[in-house]
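A.B. asks: Which chain is which? The protein sequence lines are A and B, in order.
Positions in the first sequence are counted from 1; adding 2 to them yields our numbering.
Positions in the second sequence are counted from 1; adding 2 to them yields our numbering.
Shown below is the structure under consideration.
2 protein chains.
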Amino acid sequence: MKALVFWFEMASTYSYLSAMRIEEDAARAGVQVVWRPFLLGPIFRAQGWASSPFNVYPAKGRYMIRDMERLAAARALPFRMPATFPANGIAAARMAIVAARDGVAGPFVRAVYTAQFGAGADISNADVLSRVAEGVSLDFARLSASASAQDVKDELRRSSEEAQALGIFGAPTFQTADGELFWGDDRLDQALGWSSRL
Amino acid sequence: MKALVFWFEMASTYSYLSAMRIEEDAARAGVQVVWRPFLLGPIFRAQGWASSPFNVYPAKGRYMIRDMERLAAARALPFRMPATFPANGIAAARMAIVAARDGVAGPFVRAVYTAQFGAGADISNADVLSRVAEGVSLDFARLSASASAQDVKDELRRSSEEAQALGIFGAPTFQTADGELFWGDDRLDQALGWSSRL
Numbered sequence: 003m004k005a006l007v008f009w010f011e012m013a014s015t016y017s018y019l020s021a022m023r024i025e026e027d028a029a030r031a032g033v034q035v036v037w038r039p040f041l042l043g044p045i046f047r048a049q050g051w052a053s054s055p056f057n058v059y060p061a062k063g064r065y066m067i068r069d070m071e072r073l074a075a076a077r078a079l080p081f082r083m084p085a086t087f088p089a090n091g092i093a094a095a096r097m098a099i100v101a102a103r104d105g106v107a108g109p110f111v112r113a114v115y116t117a118q119f120g121a122g123a124d125i126s127n128a129d130v131l132s133r134v135a136e137g138v139s140l141d142f143a144r145l146s147a148s149a150s151a152q153d154v155k156d157e158l159r160r161s162s163e164e165a166q167a168l169g170i171f172g173a174p175t176f177q178t179a180d181g182e183l184f185w186g187d188d189r190l191d192q193a194l195g196w197s198s199r200l
Numbered sequence: 003m004k005a006l007v008f009w010f011e012m013a014s015t016y017s018y019l020s021a022m023r024i025e026e027d028a029a030r031a032g033v034q035v036v037w038r039p040f041l042l043g044p045i046f047r048a049q050g051w052a053s054s055p056f057n058v059y060p061a062k063g064r065y066m067i068r069d070m071e072r073l074a075a076a077r078a079l080p081f082r083m084p085a086t087f088p089a090n091g092i093a094a095a096r097m098a099i100v101a102a103r104d105g106v107a108g109p110f111v112r113a114v115y116t117a118q119f120g121a122g123a124d125i126s127n128a129d130v131l132s133r134v135a136e137g138v139s140l141d142f143a144r145l146s147a148s149a150s151a152q153d154v155k156d157e158l159r160r161s162s163e164e165a166q167a168l169g170i171f172g173a174p175t176f177q178t179a180d181g182e183l184f185w186g187d188d189r190l191d192q193a194l195g196w197s198s199r200l
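Dropping the structure here:
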């Protein structure tokens, strides 16, 4: 089975859209999803941006919210921007690494995004993450402890460096087994089609 | 019949993709296309960019070329980046205004894009534009003279100001009769669907 690497950033609105559908769509295409959280902050800073481009460029930010409203409505997904955007998603990203090792990245990551962009919750808050994890029957104490281990911190830092080295500049990005990159939720179908033909 | 305003920039790669299909797709959706060339240069400069974001952010620029190669191949369109990007598209945009007044924006604009991004021609060159116009049976001497008139220059400047005031920050952008904006060739189907339901 061909693998498609799903590079996502926990604070990214469009990653939410892809996370909610990628497993079902990939299964239909006969493609296996590899969940790889990374951090966009260092990549944005390297481009000279102190925040998300949606904050740096307000017209783009206003458009993104309207675009998300329309796309979420069309897909029957809840959508509500959190008060602080982008959230500090480092803790959630480290937990996603642990969840991926345990084979439960899908349920955990979807629950984090649904809390954040469906209900407007602040995912930098440990209580929020605790409720999210327990809502999908994950042991938060264990998840939290594992996520604080040095090897997980190192893995997230290395993944973010790897993403930047690959030329990734936004999320979600899909990486095929033959090295093609597809950027944006708009490209998920194309990335799955490409992978299924390998 | 509902109208959809097609805001395009003559030097924009993704506008090429939309220009090549918008009339057929709109006809199928029962939507009328309004061709409105504008200039992205002033909008980019207002955001602090001295050039296209594809030049300002090289990773994004490299991705765009690969993305265009794949999309053009899938649509059986030729694709070749011109040596100088972005081209100075002011003369071509003014001619597109004249062509739109004459009801021949589609053939003219498609021919300009095909020369530029299908064959790599420099559309700031009057000889190139002359061959393009004659290739679609337009009288270049008349087109060129009309495009140099003050009212056409004024219209292009006003259109670019209007685009910026609407919150447009990239091309192509599609504007529905009820004021929705859809950015990018990826959103053409959605914009047509929205328009056809009005």
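From the three backbone atoms N, C-alpha and C, an ideal C-beta is built for every residue, glycine too.
#1: In angstroms with no decimal places, state the Cα-to-Cα distance between residue 118 of chain B and residue 153 of chain A.
#2: Quickly, what does DSSP pair residue 38 of chain A with across the bridge? List them, please.
#3: Quick one: what does DSSP say residue 87 of chain B is sitting in, helix, strand or coil?
#4: Excluding the 5 residues preceding and the 5 following residue 121 of chain A in the sequence, name in chain order all residues of the same chain whose CB lies nearer than 8 Å to its CB.
#5: Verify whether the separation of the beta carbon atoms of residue 35 of chain B and residue 3 of chain B is less than 8 Å.
#6: Establish whether the CB of residue 61 of chain A and some CB of chain B are separated by less than 8 Å.
#7: In three-state DSSP terms, what is residue 158 of chain B?
#8: Using a Cβ-Cβ distance under 8 Å, would residue 65 of chain A count as near chain B?
#9: Can you tell me which residues form a DSSP beta bridge with residue 116 of chain A?
#10: Taking 8 Å as the cut-off, decide whether the C-beta atoms of residue 200 of chain B and residue 179 of chain B are in contact.
#11: Could you please give the first and the last residue of the uninterrupted alpha helix (DSSP H) stretch that includes residue 81 of chain A?
#12: Do residue 2 of chain B and residue 143 of chain B have their CB atoms nearer than 8 Å?
#13: Got a sec: is the Cβ-Cβ distance from residue 27 of chain B to anything in chain A below 8 Å?
#14: Against chain A, which members of the region 158–173 of chain B pass a CB distance test of less than 7 Å?
#15: Leaving out five residues on either side along the sequence, give the residues of the same chain with a beta carbon under 7 Å from the beta carbon of residue 90 of chain A.
#16: I want to verify the contact list: residues of chain A whose CB lies under 9 Å from the CB of residue 188 of chain B, in sequence order.
#17: Going by C-alpha distance, which of B/182, B/176 and B/198 is nearest residue 188 of chain B?
#18: Can you look up residue 134 of chain B in the DSSP assignment and give me helix, strand or coil?
#19: Flag this pair as yes or no: are the beta carbons of residue 42 of chain A and residue 11 of chain A separated by less than 8 Å?
#20: Count the other C-beta atoms from every protein chain shown that fall within 10 angstroms of the C-beta of residue 105 of chain B, then say buried if there are 16 or more, exposed otherwise.
#21: If the cut is a Cβ gap below 8 Å, which residues of chain B does residue 183 of chain A touch?
#22: State yes or no: is the C-beta of residue 85 of chain A within less than 8 Å of the C-beta of residue 131 of chain A?
#23: If I follow the unbroken beta strand (DSSP E) through residue 185 of chain A, where does it start and stop?
#24: List the residues of chain A that residue 49 of chain B touches, going by C-beta distances under 7 Å, in chain order.
#25: Bridge partners for residue 177 of chain B per DSSP, in chain order?
#26: With DSSP as the reference, label residue 111 of chain A as helix, strand or coil.
#27: Identify the residues that DSSP records as bridge partners of residue 33 of chain B: which are they?
#28: On a CA-only basis, which of B/108, B/195 and B/184 is nearest residue 170 of chain B? Give me that one, please.
#29: Is the beta carbon of residue 73 of chain A sitting closer than 8 Å to the one on residue 6 of chain A?
#30: Which whole-angstrom value is the C-beta distance of residue 87 of chain B and residue 54 of chain B, which I expect to be below 8 Å?
C.D. replies: Looking at the atomic coordinates:
#1: Rounded to the nearest angstrom, the two C-alpha atoms are 50 Å apart.
#2: Beta-bridge pairing links residue 38 of chain A to A/9.
#3: Residue 87 of chain B: coil per DSSP, three-state reduction.
#4: 80 and 82
#5: no
#6: yes
#7: In this structure, residue 158 of chain B counts as helix in the three-state DSSP scheme.
#8: yes
#9: According to DSSP, residue 116 of chain A bridges with nothing at all.
#10: yes
#11: Premise fails: residue 81 of chain A is in no alpha helix (DSSP H) and is neither H nor E.
#12: Given that chain B is displayed from residue 3 to residue 200, the structure contains no residue 2 of chain B and the question cannot be resolved.
#13: no
#14: 169 and 171
#15: Taken in chain order, the residues that qualify are 126.
#16: 186, 188 and 189
#17: B/176
#18: The answer is helix: DSSP assigns residue 134 of chain B an H, G or I state.
#19: Yes.
#20: So residue 105 of chain B counts as exposed.
#21: 65 and 68
#22: no
#23: Its beta strand (DSSP E) spans residues 183–185.
#24: 59
#25: B/7 and B/183
#26: Three-state DSSP puts residue 111 of chain A in a helix.
#27: B/4
#28: B/184
#29: no
#30: 7 Å
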